[in-house]
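Okay, structure first, notes after.
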Amino acid sequence: MNTTTALLTLAIAAWLAQIVLGYWQISRFNRAYTALARDSAYLGVGRSNGRFTPKVLIILALDSEQRVRDSILMQGLTIFAAPQKLTQLHGMKFSDIDPAAVFPRQPRHQQALASALTRKD
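This is the structure in structure tokens:
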């Protein structure tokens, strides 16, 4: 096997691994999103901006009293970013959440949370 064939084989293997692992990450996210949406009166979804920085995605599930019932936080550059809970927000009134107080030194998290708190209904 020559060098060109080895490099081409390696590139194809990496590409296939990216597809499989990306599908795995999307499947985990979709399961978590579906579980949140099942019993929620409202879902607030927000993400941070930026081209070459790790993205942050926050989803807040509200009950009928506008309190945070559940949440998802995903952050990172890789396909290994897993959904996490923001338990410090659970039970809080939607209108009382201050992104700067929740994430004092994390501007991307603040941006994603502020976006999730913007009602669009």
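To convert, count from 1 in the sequence shown and add 3; that's my numbering.
Think of the CB as a built atom: it goes at the ideal place given N, C-alpha and C, for glycine as much as any other residue.
For residue 120, collect the residues of the same chain with a Cβ closer than 8 Å to its Cβ; drop the 5 residues on either side in sequence, then sort them by chain order. 47, 49, 63, 97, 100, 102
Give the DSSP-derived three-state secondary structure of residue 73 in the structure shown.
-> strand
Q.
Can you tell me whether residue 50 is helix, strand or coil according to DSSP?
A. strand
Item checked: DSSP bridge partner residues for residue 62 (one or two, in chain order) -> 48, 75
message = Just verifying my parser: in three-state terms, what is the DSSP assignment at residue 87?
response = strand
(Q) Given a cut-off of 8 Å on the beta-carbon distance, is the pair residue 105 and residue 87 in contact? (A) no
Segment limits, alpha helix (DSSP H) that includes residue 1 | The structure shown does not extend to residue 1, since the chain is modelled only from 4 through 124, so no value can be given for it.
### Message
Distance check for residue 89 and residue 45, CA to CA, integer angstroms please.
### Response
17 Å
- [ ] Return the Cβ separation of residue 111 and residue 56 in integer angstroms, given the expectation that the two are a contact with Cβ distance under 8 Å.
- [x] 7 Å
Checklist entry - Using the rule of at least 16 other Cβ atoms within 10 Å of the residue's Cβ for burial, across every protein chain shown, is residue 114 buried or exposed? => result buried
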